[in-house]
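2 protein chains.
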Amino acid sequence: MEDGTAERIRPRDRILETARDMFHKHGIKGVGVDAITEAAGTNKMTLYRHFESKDDLVIECLRATACSANAMWQKFEAEHPGDKLAQLHAWVRMAADCLLTDGRGCDMANAAIELSETDHPARRVIKELKQAQRDRLVSLCRDAGVGQAELLADTLSLLLEGARVSMQSVGAEGPSAQFVRMAEGLITSFRAR
Amino acid sequence: MEDGTAERIRPRDRILETARDMFHKHGIKGVGVDAITEAAGTNKMTLYRHFESKDDLVIECLRATACSANAMWQKFEAEHPGDKLAQLHAWVRMAADCLLTDGRGCDMANAAIELSETDHPARRVIKELKQAQRDRLVSLCRDAGVGQAELLADTLSLLLEGARVSMQSVGAEGPSAQFVRMAEGLITSFRAR
DNA sequence: TCTAGAAGTTACAGACCGGTAACACCCTAG
DNA sequence: CTAGGGTGTTACCGGTCTGTAACTTCTAGA
Numbered sequence: 001m002e003d004g005t006a007e008r009i010r011p012r013d014r015i016l017e018t019a020r021d022m023f024h025k026h027g028i029k030g031v032g033v034d035a036i037t038e039a040a041g042t043n044k045m046t047l048y049r050h051f052e053s054k055d056d057l058v059i060e061c062l063r064a065t066a067c068s069a070n071a072m073w074q075k076f077e078a079e080h081p082g083d084k085l086a087q088l089h090a091w092v093r094m095a096a097d098c099l100l101t102d103g104r105g106c107d108m109a110n111a112a113i114e115l116s117e118t119d120h121p122a123r124r125v126i127k128e129l130k131q132a133q134r135d136r137l138v139s140l141c142r143d144a145g146v147g148q149a150e151l152l153a154d155t156l157s158l159l160l161e162g163a164r165v166s167m168q169s170v171g172a173e174g175p176s177a178q179f180v181r182m183a184e185g186l187i188t189s190f191r192a193r
Numbered sequence: 001m002e003d004g005t006a007e008r009i010r011p012r013d014r015i016l017e018t019a020r021d022m023f024h025k026h027g028i029k030g031v032g033v034d035a036i037t038e039a040a041g042t043n044k045m046t047l048y049r050h051f052e053s054k055d056d057l058v059i060e061c062l063r064a065t066a067c068s069a070n071a072m073w074q075k076f077e078a079e080h081p082g083d084k085l086a087q088l089h090a091w092v093r094m095a096a097d098c099l100l101t102d103g104r105g106c107d108m109a110n111a112a113i114e115l116s117e118t119d120h121p122a123r124r125v126i127k128e129l130k131q132a133q134r135d136r137l138v139s140l141c142r143d144a145g146v147g148q149a150e151l152l153a154d155t156l157s158l159l160l161e162g163a164r165v166s167m168q169s170v171g172a173e174g175p176s177a178q179f180v181r182m183a184e185g186l187i188t189s190f191r192a193r
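For the record, the sequence lines run as chains E and R. So the first sequence is numbered by full-length UniProt numbering: it starts at 1 and just counts up by one. So the second sequence is numbered by full-length UniProt numbering: it starts at 1 and just counts up by one.
Structure follows, in structure tokens:
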């Protein structure tokens, strides 16, 4: 019978997707497993059959988020094949879009702040994934022919990270409103020298 | 008798100070009122005689933090009276010091991330205090004779905010390690034009 | 059609949370 | 000395949290 519609999604995936959304909106400590499973149209037992613990679920969510970010980078390459500078500008545009449409910041950064226990299992994963993203941005800057690629990449990273958290504390009219101008200015000035 | 030593601190102040420290280290949702009062050498009833609720305590803590920040700015003025550019450099140095010695980020930003409920009473206070800090940095930049003072101030703000959160996710060896170089470079380049 | 495994249901354990009530104590101001 | 306010103590309420046990129902594949 196969059910033509893609309606029938595995409970595990429904839980994962729902958890990502709810963790993103309300924070990790702000949402319980009961609320997740109910929103996912399933129950707690099924969750614990697929994930060892809530912490494990959190980690899987972070990995999924990193995976989505990967897709973003592939889109840059697909839309501007070979043109690394255009991809860098696309990165800025994507970041700005995220700022405007989202409101809540980066899931990994938020998680790092929320999970202050230094030995929390998610911290390893967060560091790992953030490091990978950093490396990728550095490569992009280097391939775009920018001198001091590391410095530009790190500056852009901090600007975006700062804009995301500033958005949540001061609001959208705060410093984060100038993100694009700052980023584009930096790229121009780094390319000039 | 008066007790010559300053040993005898009011329970309210002990609670406030202890709560600030524990909220800072473990987050707001990561520490309960019982733990606070026990660490402060008192009990829950006394806490609730001085503060309406945990949320109220959180807000008082944030105000106290803002007050400490005010003291910092007065120190800049005292150490470099009239020399606004020197005060700006002192701000950068202070920020870098904070990054190295602290590890956890800005209490207000962390609180904003943790308290994702848009109607949480602390959010008003956070926005208010962050806005005040922003205004002050803009003024400092302007008085230091920088063109586009707002843009420089906002860029420095985002860089610092980003460095604080990056420190918690990627670690101290990440992009935040370059904070001073970025900030000083920006100041130089904004003054040049 | 029959069966095995996945998923749903209900109930519960044990811990912690914020917040309150009632009462005993101490210390200081008068 | 005494009265009263600030403080400490204990117990408790109702709620929520993560995680588990035992059992039933569904569904897909042979």
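For glycine and all other residues, C-beta sits at the position ideal for the given N, C-alpha and C.
Looking at residue i: is its Cβ nearer than 7 Å to the Cβ of residue j?
i, j, result
"R:Val138", "R:Leu62", "no"
"R:Phe179", "R:Val146", "no"
"R:Ala177", "R:Val92", "no"
"E:Ser166", "E:Pro175", "yes"
"R:Arg20", "R:Ala71", "no"
"R:Asp107", "R:His50", "no"
"R:Ala40", "R:Arg14", "yes"
"E:Lys127", "R:Gly171", "yes"
"R:Lys84", "E:Lys29", "no"
"E:Ile187", "R:Ile113", "no"
"R:Glu161", "E:Gly162", "yes"
What residues in its chain sit with their C-beta under 7 Å from that of residue i, if we drop five residues either side in the sequence?
i, result
"E:Gln87", "Phe76, Glu77, His80, Leu140"
"R:Val33", "Lys44, Leu47, Lys54"
"R:Ala122", "Asp55, Val58, Ile59, Leu62, Ala111, Leu115"
"R:Leu159", "Phe179, Met182, Ala183"
"E:Gln148", "Phe190"
"E:Met94", "Met72"
"E:Ala69", "Gln133"
"R:Ala90", "Phe76, Glu79, His80"
Given that a residue counts as buried once 16 or more other Cβ atoms are within 10 Å of its Cβ, and exposed if not, what is residue i?
i, result
"E:Leu100", "exposed"
"E:Glu2", "Because the pLDDT at E:Glu2 is just 34, under 50, the model does not fix this residue reliably, and the value given afterwards should be weighed accordingly. That one is exposed."
"R:Glu117", "exposed"
"R:Ala153", "buried"
"E:Arg164", "buried"
"E:Ile9", "exposed"
"R:Ala192", "exposed"
"R:Leu16", "buried"
"E:Ala96", "buried"
"R:Ser157", "buried"
"E:Glu7", "For E:Glu7, the predicted model reports a pLDDT of 39, less than 50, meaning its position is unreliable and no value from the coordinates is stated."
"E:Ala144", "buried"
"E:Ala132", "exposed"
"R:Gly105", "buried"
Got a sec? Which residues, its chain only, sit under 6 Å from residue i by beta carbon, not counting five neighbours each side?
i, result
"R:His120", "none"
"R:Thr37", "Asn43, Lys44, Leu47"
"E:Ala66", "Leu129"
"residue 222 of chain R", "Missing from the structure shown is residue 222 of chain R; chain R here goes from 1 to 193 and no further."
"R:Gly27", "Glu114"
"R:Thr18", "Ile36, Ala39, Ala40"
In chain order, what residues of the same chain have a beta carbon less than 8 Å from the beta carbon of residue i, not counting five sequence neighbours either side?
i, result
"E:Leu151", "Phe190"
"R:Arg134", "Ala153, Asp154, Ser157"
"R:Met22", "Val31, Ala35, Ile36, Ala39"
### Query
Relative to chain E, which residues along the region 105-117 of chain R have a C-beta separation below 9 Å, given in chain order?
Gly105, Cys106, Met108, Ala109, Asn110, Ala111, Ala112, Ile113, Glu114, Leu115, Ser116, Glu117
Give me the subset of the region 119-149 of chain R whose CB atoms are less than 8 Å from a CB atom of chain E, sorted by chain position. Answer in chain order: Ile126, Lys127, Lys130, Gln131, Arg134.
Segments of 4+ residues assigned as alpha helix (DSSP H) that fall wholly inside the region 113-168 of chain R:
121-143
Q) Quick one, which residues of the region 54-82 of chain R are near chain E if we go by CB-CB under 9 Å, in chain order? A) none
Q.
Extract the residue ranges of the alpha helix (DSSP H) inside the region 35-83 of chain E, only unbroken runs of 4 or more that lie entirely within it.
A. 44-50, 54-79
Using a Cβ-Cβ cutoff of 8 Å, what residues of the region 23-44 of chain E are near chain R? List them in chain order.
So the list reads Lys25, His26, Gly27, Lys29, Gly30, given in the order they occur along the chain.
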